[in-house]
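Going by my numbering, the first residue of the sequence shown is number 1, and it counts up by one from there. The beta carbon of each residue, even a glycine, is placed where N, CA and C say it ideally should be. Please read all numbers here as calculations on a predicted model, not as lab measurements.
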Amino acid sequence: MFLTILSVRRPIAVIAIYLAVAIAGLITLVSLPINLFPNVNIPVVTIVSTYPGAGPEEVEVQVTRPIEDAVAGLNDIDILTSTSAEGLSTVVIQFTERANPDLIGTDVERRVNQIAARLPADVDRPTVTKIDFDQAPAIVLGITGPTLAPEELYRIADELVRPELERLSGVAQVAIVGGRQQEVRIEADPERLRARGISLAQIQGSLAAANLNIPSGSISQGGRAYSLRLYGLAATPEDLGRVVVGGTQSAPVRLADVAAIRLAARDQSQISRVNREPAVVLRITKQGGANLTDVVDRVRAELPNIRRLVPAESAVTVVQDVSVAIRTSLAGVRDELVFAVFLTSLVLLLFLHRLRVS
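Structure, rendered in structure tokens:
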């Protein structure tokens, strides 16, 4: 009753209040973040380790149990499960809702790193992953070039396209799938090694001491040449050839004296195709809390500049755009809102017979 009397006596004030509320609602609506899925906190972390050639019992005793013992002391653990299979160990940690979602991944990784050195030498470094819906790609781009080699496609994506995308506001990561990376391959000659008294272990140690950031490579036992693969290496073959691997201070033995060093394409483990053509795919994920549609709009606005950077014989296309589904849903909501306003006005007109009121 009070609101009715106030509306009759102070119509201008009531209209002003309603307008203020409507304007505030519109401002809030525009500023709301838009995503395909709501922000859901899933405090789950997985630890995956591979142990080639090991049976399930060996994996459980030598890999799974040490990892379980290392992480069991963390706070707010709800459920800890593990699976040991042929050459594979999987540990899944589910935390309670009290756990800090921003720290659980770091805490688990720190505990795993503390015991990583005590695991068998053949065990690959455990991979710690926190489940996060925001890691789904917001937009996926494809780079094709019928006349370009897979390693050239990868180079274009890695050196020309990815830096331009990573500098955009709201972009968290740009992952490359497909193509072939370049690697530096060292083929040691066993006869030269024996003549100079140098082992493959010495070569590995010398390269590591040179701070070249080289992971352990694979060694082929067949034939006369042993192949040592170096991934992610920035140095040139000439730089590697000058690394001292043995000898004396007055007569050093350099890597080029006992091995052939060359650039080669890494074995291709992933193949991507766009419209049946060999391609490299870039999966672009947004930062947590960023507006998905805004990130996609920035990426699309950058495409003309990217197309000017890449070679003329290559093409950059949009393979997947998650924002399309979101925009379609929002358009449906907007249409329903307009229809609801129209239907309400029509009902008021039919019952009150006054156009001004309706």
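Bridge-paired residues (DSSP) for residue i
i    : result
V94  : Note on residue identity: the sequence assigns Gln, not Val, to residue 94. DSSP, once it has assigned bridges, lists V44, I79 as partnering Q94.
V128 : I47
E277 : V274
S84  : S89
P252 : G247
A264 : E183
I284 : I139, V174
D122 : Looking at the DSSP assignment, D122 forms no beta bridge with any residue, so it has no partner.
T144 : A279, A315
D321 : I139
N259 : Inspection of the sequence shows that residue 259 is occupied by Ala rather than by Asn. For A259, which the question treats as bridged, DSSP gives the partners A188.
Own chain residues within Cβ distance below 7 Å of residue i, not counting five before or after
i    : result
F342 : none
R273 : A279
A264 : E183, R185
N75  : none
G105 : V45, V128, K130
CB-CB length for residue i against residue j, believed under 8 Å
i    : j    : result
V333 : A138 : Between A138 and V333 the Cβ distance is about 20 Å, and since that is not below 8 Å, they are no contact.
L141 : V318 : 6 Å
V258 : L193 : 5 Å
D122 : P52  : 6 Å
I198 : V245 : 6 Å
T285 : A72  : Actually they are not in contact, since the Cβ atoms of T285 and A72 sit about 31 Å apart, beyond 8 Å.
Beta-carbon contacts of residue i that lie in its chain and below 6 Å, excluding the five residues immediately before and after
i    : result
P126 : I47, S49, V112
L129 : The question names Leu, but residue 129 is Thr in the sequence shown. Excluding sequence neighbours, T129 sits near T46.
S216 : With a pLDDT of only 42 at S216, under the threshold of 50, the placement of this residue in the model should not be trusted, and no figure is reported.
S84  : P56, V59, E60, T64
T120 : Here residue 120 turns out to be Pro, not Thr, going by the sequence shown. Answer for P120: Q62, listed in chain order.
Other residues of its chain near residue i: CB distance less than 8 Å, five sequence neighbours each side excluded
i    : result
R276 : none
S314 : I143, T144, G145, L148, L153, I156
R224 : Confidence at R224 is low in this model, with a pLDDT of 43, below 50, so the placement of that residue should be treated as unreliable; the coordinate-derived value is given next. Closer than 8 Å at Cβ, skipping near neighbours: D189, P190, E191.
R373 : Past the boundaries of the shown model lies residue 373; the chain is included only from 1 to 358, so the question cannot be answered.
R162 : V174, I176, L282
Quiz item: Does the region 88–99 touch the region 43–54, meaning 3 or more C-beta pairs lie closer than 8 Å?
Solution: Yes, the region 43–54 touches the region 88–99.
Quiz prompt | Runs of beta strand (DSSP E) lying entirely within the region 170–212, each at least 3 residues, in chain order | solution = As far as the region 170–212 is concerned, its whole beta strand (DSSP E) runs of at least 3 residues are 171–177, 182–188.
Quiz item: Is the number of C-beta pairs between the region 286–302 and the region 177–195 that are closer than 8 Å three or more?
Solution: The region 286–302 is not in contact with the region 177–195.
Quiz item: Contact between the region 149–156 and the region 246–261: three or more CB pairs below 8 Å?
Solution: The region 149–156 and the region 246–261 do not touch, with fewer than 3 CB-CB distances between them shorter than 8 Å.
Quiz item: Would you say the region 298–310 touches the region 165–173, given that touching needs at least three Cβ pairs under 8 Å?
Solution: In short, these stretches touch, since the Cβ pair count reaches three.
Quiz item: Do the region 105–124 and the region 59–76 meet, that is, are 3 or more Cβ pairs less than 8 Å apart?
Solution: Counting Cβ pairs under 8 Å, three or more are found: they touch.
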